[in-house]
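Protein chains in written order, with UniProt numbering: chain H, 1 to 366; chain U, 1 to 636. Glycine included, every Cβ here is placed at the ideal spot set by N, Cα and C. So the structure is just underneath, and the comments pick up after that.
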Amino acid sequence: MIEPLRLWHYLTRYVDGFLLGGILLLMLTGLFTLYSATDANLGRVTNQGINMLVALAIMWLIANIPLQHIMRIALPIYMTGLVLLLGVALFGEINNGARRWLNIGVTRIQPSELMKIAVPLMMAWYFDKHEAALRLRDYAVATLLLALPVALILRQPDLGTALLIASSGFYVLFLTGLSWRIMATLGVAAAGSLPVLWSMMHDYQRRRVMTLIDPTQDALGAGYHTIQSTIAIGSGGVLGKGWERGTQTHLDFLPERSTDFIFAVFSEEFGLIGNSLLLLLYLIVIGRGMVIAANASTQFTRLIAGSITLTFFTYIFVNVGMVIGILPVVGVPLPLISYGGTSMVTMLLGFGILMSIQTHPKLVKT
Amino acid sequence: MNRRVELRNHLREQHNFRFRLAISAGFVLLLFLLLFARFFYLQVSQREHYHTLAEANRISISPIVPNRGLIFDRNGEVLAHNYSAYTLEIVPSKAGDLEALIHELSTVVEIAPRDRKRFKKLLEESKRFESLPIRTRLSDVEVARFAANRYRFPGVEIKARLFRQYPKGASAAHVVGYIGRINDKNLEQLEASDDLANYRGSQYMGKIGVEQSYEKELHGITGFEEMETDAAGRVIRTISRTPPIPGNNLTLSLDAKLQEVAEKAFGDRRGALVAIEPATGDVLAFVSKPGFDPNLFVDGIDSENWDLLNTSIDRPLNNRALRGLYPPGSTFKPFMALAGLELKKRGPQHAINDSGYFSLPGSTHRFRDWKAGGHGVVDLHKSLVVSCDTYYYGLANDLGIDNIFKFMSQFGLGKKTGIDIEGEASGLLPSQEWKMKRHKQKWYAGDTISVGIGQGYNLTTPLQLAFATAVLAGNGTAFRPHLVKQVLNNNNEVVREIGTHPLYTLDLDPDNLRVVRNALVDVTQPGGTAALAGTGAAYSFAGKTGTSQVIGMKQGEKYDESKIRERHRDHALFISYAPAEYPKIALSILVENGGHGGSAAAPIARLVMDYYLLGKLPEEAAALPVDQEDEEGEHD
Numbered sequence: 001m002i003e004p005l006r007l008w009h010y011l012t013r014y015v016d017g018f019l020l021g022g023i024l025l026l027m028l029t030g031l032f033t034l035y036s037a038t039d040a041n042l043g044r045v046t047n048q049g050i051n052m053l054v055a056l057a058i059m060w061l062i063a064n065i066p067l068q069h070i071m072r073i074a075l076p077i078y079m080t081g082l083v084l085l086l087g088v089a090l091f092g093e094i095n096n097g098a099r100r101w102l103n104i105g106v107t108r109i110q111p112s113e114l115m116k117i118a119v120p121l122m123m124a125w126y127f128d129k130h131e132a133a134l135r136l137r138d139y140a141v142a143t144l145l146l147a148l149p150v151a152l153i154l155r156q157p158d159l160g161t162a163l164l165i166a167s168s169g170f171y172v173l174f175l176t177g178l179s180w181r182i183m184a185t186l187g188v189a190a191a192g193s194l195p196v197l198w199s200m201m202h203d204y205q206r207r208r209v210m211t212l213i214d215p216t217q218d219a220l221g222a223g224y225h226t227i228q229s230t231i232a233i234g235s236g237g238v239l240g241k242g243w244e245r246g247t248q249t250h251l252d253f254l255p256e257r258s259t260d261f262i263f264a265v266f267s268e269e270f271g272l273i274g275n276s277l278l279l280l281l282y283l284i285v286i287g288r289g290m291v292i293a294a295n296a297s298t299q300f301t302r303l304i305a306g307s308i309t310l311t312f313f314t315y316i317f318v319n320v321g322m323v324i325g326i327l328p329v330v331g332v333p334l335p336l337i338s339y340g341g342t343s344m345v346t347m348l349l350g351f352g353i354l355m356s357i358q359t360h361p362k363l364v365k366t
Numbered sequence: 001m002n003r004r005v006e007l008r009n010h011l012r013e014q015h016n017f018r019f020r021l022a023i024s025a026g027f028v029l030l031l032f033l034l035l036f037a038r039f040f041y042l043q044v045s046q047r048e049h050y051h052t053l054a055e056a057n058r059i060s061i062s063p064i065v066p067n068r069g070l071i072f073d074r075n076g077e078v079l080a081h082n083y084s085a086y087t088l089e090i091v092p093s094k095a096g097d098l099e100a101l102i103h104e105l106s107t108v109v110e111i112a113p114r115d116r117k118r119f120k121k122l123l124e125e126s127k128r129f130e131s132l133p134i135r136t137r138l139s140d141v142e143v144a145r146f147a148a149n150r151y152r153f154p155g156v157e158i159k160a161r162l163f164r165q166y167p168k169g170a171s172a173a174h175v176v177g178y179i180g181r182i183n184d185k186n187l188e189q190l191e192a193s194d195d196l197a198n199y200r201g202s203q204y205m206g207k208i209g210v211e212q213s214y215e216k217e218l219h220g221i222t223g224f225e226e227m228e229t230d231a232a233g234r235v236i237r238t239i240s241r242t243p244p245i246p247g248n249n250l251t252l253s254l255d256a257k258l259q260e261v262a263e264k265a266f267g268d269r270r271g272a273l274v275a276i277e278p279a280t281g282d283v284l285a286f287v288s289k290p291g292f293d294p295n296l297f298v299d300g301i302d303s304e305n306w307d308l309l310n311t312s313i314d315r316p317l318n319n320r321a322l323r324g325l326y327p328p329g330s331t332f333k334p335f336m337a338l339a340g341l342e343l344k345k346r347g348p349q350h351a352i353n354d355s356g357y358f359s360l361p362g363s364t365h366r367f368r369d370w371k372a373g374g375h376g377v378v379d380l381h382k383s384l385v386v387s388c389d390t391y392y393y394g395l396a397n398d399l400g401i402d403n404i405f406k407f408m409s410q411f412g413l414g415k416k417t418g419i420d421i422e423g424e425a426s427g428l429l430p431s432q433e434w435k436m437k438r439h440k441q442k443w444y445a446g447d448t449i450s451v452g453i454g455q456g457y458n459l460t461t462p463l464q465l466a467f468a469t470a471v472l473a474g475n476g477t478a479f480r481p482h483l484v485k486q487v488l489n490n491n492n493e494v495v496r497e498i499g500t501h502p503l504y505t506l507d508l509d510p511d512n513l514r515v516v517r518n519a520l521v522d523v524t525q526p527g528g529t530a531a532l533a534g535t536g537a538a539y540s541f542a543g544k545t546g547t548s549q550v551i552g553m554k555q556g557e558k559y560d561e562s563k564i565r566e567r568h569r570d571h572a573l574f575i576s577y578a579p580a581e582y583p584k585i586a587l588s589i590l591v592e593n594g595g596h597g598g599s600a601a602a603p604i605a606r607l608v609m610d611y612y613l614l615g616k617l618p619e620e621a622a623a624l625p626v627d628q629e630d631e632e633g634e635h636d
């Protein structure tokens with residue numbers, strides 16, 4: 001009886017049960033929804049299950065690493081990511097009109113995915129280094145650290161990822177206490193640069209924005225996704241049509257229904273009640289992340305925990321907002337539910353960091 | 001000190017951080033509330049709307065076109081039926097370059113120039129998303145060959161369709177009519193009559209004749225299939241099926257054999273014949289020559305044939321029996337005679353001395369009889385038998401136009417008979433009122449004189465003449481002439497009988513009727529104007545010849561047939577009924593530019609009567625007296 005107990009202790013020592021519970025419930029929801037979305041394609045569901053297990057394992061590994069170690073590799077990871085992004089810009093493979101992948105001989109990698117973690121790590125590291133007295137200059141440097149990869153990713157173009165990385169960096173800035181005045185100035189500047197941004201946007205990106213304003217304008221093109229997903233959600237009603245009984249889903253009307261639009265499947269089949277429960281579940285996970293951040297002992301851990309949690313929220317909001325037709329269609333998956341291994345790993349990597357922060361002895365500077 | 005600063009710094013940092021985190025938490029909650037509000041809007045407030053949209057997405061309703069009702073003659077012979085065949089159809093909007101496509105297609109399936117022309121015509125008339133036939137009636141080999149090459153032809157499909165066919169061809173084409181593709185005008189009509197829903201999926205509808213006038217009966221009720229489809233429009237399963245109700249069948253009053261006999265009797269001549277059963281109003285034969293093949297129209301007529309039919313000087317598409325307007329000529333006289341008797345302007349014994357012309361009192365203008373020098377002493381009987389004009393000039397003058405108008409109206413002249421096909425002309429029975437309205441002139445006494453012999457302003461259709469003759473044959477009882485006798489449902493059970501009740505019965509003195517009818521029998525006897533046609537008839541054969549002028553004659557000008565171009569020759573008319581004692585058939589005949597009624601029209605009547613009453617086919621009846629130019633022949 002001793003051995004299993006020790007193994008259990010060994011396995012769970014650095015795992016936050018609360019967070020894990022929420023994650024597992026969300027994953028389970030994801031698997032059920034995926035089963036329906038793929039028309040009972042057990043192969044896809046198994047695949048996703050394996051993705052989840054791999055991601056959980058990575059999360060466990062990260063959770064076991066004390067944050068000081070992670071902090072130490074923040075700069076190298078960031079630099080590597082930046083070099084790879086430059087590599088993509090110069091030698092990347094073009095796929096569907098976007099240059100996102102880099103062939104490194106053995107396999108193809110997508111450096112922007114790495115930057116989702118590397119950017120907040122780097123920025124938190126930078127602020128931790130300069131925590132004593134933050135000056136405007138520090139914010140300028142931090143903003144540059146953020147702007148460089150975001151600009152490179154925007155050029156690929158990959159609006160969704162750029163947006164997520166930009167927001168993760170912004171959260172770091174915000175949480176360090178960036179003054180409201182500067183934020184207001186930046187906000188005005190951002191608003192002022194919108195026309196410039198518009199002129200820099202690709203046609204398909206502009207179309208997506210226009211489509212948001214009036215989806216019927218391009219009902220069979222860019223608007224089709226939004227129209228079909230709102231029909232799916234609206235027709236789900238309060239109770240939903242029942243698991244595996246969504247007509248929009250099963251008669252092929254919903255596009256990308258196992259990936260970016262999986263929320264429409266869930267919503268059609270489980271209705272307003274399902275949506276509310278799902279939001280609640282997400283809220284629990286976010287809440288737990290915030291508690292971990294609030295209790296974190298160092299500036300680095302605090303900032304990284306806060307950024308990860310708020311970025312997690314951003315994923316949810318952008319994805320759901322796009323599916324229900326209040327945000328433009330950008331390629332952002334619904335965390336822990338959308339089909340796909342990469343985002344799952346990135347997501348759980350973050351949760352691993354959160355767990356590590358929570359479970360390792362807190363270093364209070366004395 | 002240093003440590004305290006750091007500690008304070010640290011605490012302040014944590015405090016700041018928690019403050020900012022709290023703001024973020026509020027932000028998160030706010031945005032989640034926004035999401036929830038949108039869920040609520042979509043899933044509660046707008047649920048019905050989106051539910052409807054989802055259903056519309058999911059369920060497609062496709063119409064099932066009902067089988068069109070069949071058309072039979074009174075003896076059950078098929079006049080219009082349907083058969084199933086494959087067509088090759090193109091949806092122009094999906095096809096791209098049509099010229100190239102059709103060229104490619106012609107390497108797989110034979111496409112005749114006629115098919116191309118027809119397709120071109122259809123294309124001009126249709127909308128781009130409609131499916132249009134390029135070839136109809138494909139053989140099995142052709143179907144197989146296309147199926148194997150199908151991938152090469154996007155927007156081209158093979159469809160099994162029901163086709164209308166008229167096995168009798170041109171015979172009775174004007175009556176049976178034809179169906180054709182529904183055009184924009186038809187669509188408007190359907191929309192106006194609220195029938196558009198029932199025509200979802202229908203491509204054809206009746207265009208003329210019974211096919212048109214009984215469209216509602218023949219079409220049937222469109223069924224539909226509710227099918228669950230996916231986004232690509234593929235059918236997943238059928239949810240429900242409401243079968244169509246086939247159209248009703250029609251039994252015409254027409255006798256197809258009689259019709260054919262009558263048509264043959266015309267030979268190459270242009271003209272019309274309408275035969276009516278006096279006791280019922282059944283139209284037994286309805287001929288308009290020349291005819292046309294209605295089968296040409298069924299899947300869209302090609303432009304060549306269309307032009308041919310439209311530009312022909314003979315105007316085969318014109319329904320002469322229904323719409324042709326001709327002065328009734330002397331066929332008007334029996335009714336005039338009856339009017340004279342009924343209104344007591346003439347007695348049977350009253351006779352005039354015909355010196356060959358009539359003049360109004362105080363006028364030198366001479367209204368000439370067709371026979372120079374006149375017919376001598378003429379009473380009412382003789383006036384009909386020899387067709388004396390002078391007698392009727394005087395009678396018309398004595399009756400006056402108002403009386404003539406009133407009396408002739410009772411026989412249906414000058415108004416539509418109300419026959420059950422569309423497009424009927426109402427003819428013209430002149431009156432004072434009409435002349436004032438039409439010509440802004442008062443009526444002169446002289447106008448009345450030529451009306452008395454069926455000339456002047458008089459215009460009738462062959463159908464009106466047949467109707468009037470049937471009323472006379474029926475001793476004043478009028479039935480609305482009708483081409484359809486019975487409407488039958490799909491099990492051939494009678495749904496509706498038509499024409500069993502008389503329209504009205506005229507109050508006529510039987511003695512007067514007898515006088516006129518006796519005279520009409522003698523018209524086909526030796527000495528009568530149709531004596532030759534009546535030779536050897538095995539039944540009593542009543543009739544009245546007529547000849548109507550095509551061009552006006554100047555006063556005193558002698559009519560010279562040889563000098564006048566064929567198209568300006570007189571029209572020959574004949575009205576008739578038999579057996580005279582209890583008429584089973586009454587008819588009117590018009591032969592355009594035929595010359596004399598007695599020689600050109602009456603023999604046709606004889607052939608028709610012989611067949612209808614005795615069952616004699618024209619081959620047997622060919623021994624009839626041939627038209628010989630006869631000095632004593634009727635010529636009025």
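Asked, Found
"For chain H, is any of its Cβ atoms less than 8 angstroms away from the one on U/Ile236?", "yes"
"Would you decide whether U/Ile604 is buried or exposed? Buried here means 16 or more other CB atoms lie within 10 Å of its CB.", "buried"
"Please report how far the alpha carbon of H/Ala305 lies from the alpha carbon of H/Arg135, in whole angstroms.", "23 angstroms"
"Quick one: Cα of U/Ile134 to Cα of U/Ala531, how far?", "57 angstroms"
"Of all the alpha helix (DSSP H) runs that stay within the bounds of the segment 234-294 of chain H, which reach a length of 4 or more residues?", "247-250"
"Is the beta carbon of H/Val318 sitting closer than 8 angstroms to the one on H/Val329?", "no"
"Could you tell me the distance, in whole angstroms, from the CA atom of U/Gly206 to the CA atom of U/Lys216?", "9 angstroms"
"Which residues bound the beta strand (DSSP E) around U/Phe286?", "Val283 to Lys289"
"Measure the CB-CB distance between residue 637 of chain U and U/Gly594 and report whether it falls below 8 angstroms.", "Residue numbering for chain U in the displayed model covers 1 to 636; residue 637 of chain U lies beyond these limits and cannot be assessed."
"Relative to the C-alpha of U/Phe266, which residue among U/Ser359, U/Phe72, U/Leu322 and U/Phe286 is closest?", "U/Phe286"
"Using CA atoms only, rank isn't needed, just tell me which of U/Lys121, U/Ile276, U/Arg200 and U/Glu99 is closest to U/Phe153.", "U/Glu99"
"In terms of residues, what are the limits of the alpha helix (DSSP H) holding U/Asp447?", "Ala445 to Val451"
"Which whole-angstrom value is the C-beta distance of H/Phe253 and H/Leu334, which I expect to be below 8 angstroms?", "Contact doesn't hold; Cβ gap of about 19 angstroms is too wide."
"Using only the alpha-carbon positions, how far apart do H/Trp243 and H/Ser235 sit?", "14 angstroms"
"Check each candidate in U/Ile221, U/Gln349, U/Tyr326 and U/Val65 and name the one with the smallest Cα separation from U/Val550.", "U/Tyr326"
"Listing by chain order, which chain U residues have their CB less than 8 angstroms from the CB of H/Thr230?", "Leu42 and Tyr50"
"Give a yes or no on whether the minimum CB-CB distance between H/Ser235 and chain U is below 8 angstroms.", "yes"
"Along the chain, which unbroken stretches of the beta strand (DSSP E) at least 3 residues long are found entirely within the segment 41-118 of chain U?", "59-64 and 78-90"
"Would the C-beta of U/Ser60 count as close to the ligand ADP, meaning under 7 angstroms from any of its heavy atoms?", "The model on display carries no ligand, and the ligand ADP is accordingly not part of it."
"Rank H/Leu144, H/Lys129 and H/Glu131 by C-alpha distance to the C-alpha of H/Val119 and give the top, closest one.", "H/Leu144"
"Can you confirm whether H/Asp16, when its beta carbon is compared against all beta carbons of chain U, has any partner nearer than 8 angstroms?", "no"
"Please tell me whether U/Glu225 has its Cβ less than 8 angstroms away from any Cβ of chain H.", "no"
"Identify every residue that forms a DSSP beta bridge with U/Ser576.", "U/Gly543 and U/Leu587"
"Under 8 angstroms, with one C-beta from each stretch per pair, do the segment 194-213 of chain U and the segment 173-182 of chain U reach the 3-pair mark?", "yes"
"Which full runs of the alpha helix (DSSP H) of 4+ residues lie inside the segment 352-426 of chain U, going along the chain?", "380-385 and 389-409"
"Report yes if the C-beta distance between U/Ser588 and U/Val274 is below 8 angstroms; otherwise report no.", "yes"
"Under 7 angstroms Cβ to Cβ from U/Ile236, same chain only, skipping five residues before and after it: list those, please.", "Glu228, Thr229 and Asp230"
"What residue range does the alpha helix (DSSP H) around H/Phe312 cover?", "Gln299 to Val323"
"Could you please give the first and the last residue of the uninterrupted beta strand (DSSP E) stretch that includes U/Gly271?", "Gly271 to Ile276"
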